[in-house]
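Residue numbers (the working numbering): 290 to 474.
Following this line, the structure appears as structure tokens:
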């Protein structure tokens with residue numbers, strides 16, 4: 290069964306109707322929040338050689354640190370923007386890549402047809418790069434090929450240039466409630 294793709298608006302509606310414990314029980318698991326194209330290295334290269342136009346810079350996202358976790362702004366133009374994949378612990382590995390046959394399809398040219406596989410477990414995710422062209426990273430650190438590595442609550446998973454943040458249900462609840470409160474100020 291493929292992970293369910295849920296809009297952030299729907300998630301906000303769900304969290305506003307429940308308290309944290311109810312949400313964590315009813316919508317248990319992890320959420321891969323689509324963040325956008327991570328291209329800070331290319332931006333730095335373009336800036337160094339003076340080939341960066343202001344309009345180009347606004348199209349890319351750059352990593353920043355919030356506490357101990359790297360983050361970056363949402364890229365609103367991408368088809369996954371404003372969505373999260375809901376993952377529940379399971380025995381089977383999920384395929385992630387550009388191909389529409391993958392369990393998690395990431396429509397971006399930097400993502401290989403079959404890029405990596407992930408498996409939700411009780412403590413987070415395991416991810417294994419499947420010899421992708423552009424690599425798989427956790428918190429901006431490239432993973433070795435064919436080696437399962439953990440992705441913990443709050444970590445950033447990058448496939449090619451496209452990044453996701455992994456949030457456990459209680460963390461997602463707290464984060465979206467905080468954002469909602471800040472938006473209402």
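Beta carbons: idealized from backbone N, C-alpha and C, even for Gly. All values reported here derive from a predicted model rather than from experimental measurement.
| task | Reducing DSSP to helix, strand and coil, say where residue 403 ends up. | result | coil
| task | Tell me, to the nearest whole angstrom, how far the beta carbon of residue 392 is from that of residue 383; I am working on the premise that it is less than 8 Å. | result | 4 Å
| task | Count the other C-beta atoms from every protein chain shown that fall within 10 angstroms of the C-beta of residue 452, then say buried if there are 16 or more, exposed otherwise. | result | buried
| residue 272 to residue 423 span [Cα, whole Å] | Lying before the first or after the last residue shown, residue 272 is absent from the chain, which here runs from 290 to 474.
| Whose C-alpha, out of 299, 375 and 449, is nearest the C-alpha of residue 319? | 375
| field | Helix, strand or coil at residue 298 according to DSSP, with G and I counted as helix | value | helix
| field | Buried or exposed by the 16-neighbour rule on C-beta atoms within 10 Å, applied to residue 418 | value | Counting Cβ neighbours within 10 Å, residue 418 comes out buried, since at least 16 surround it.
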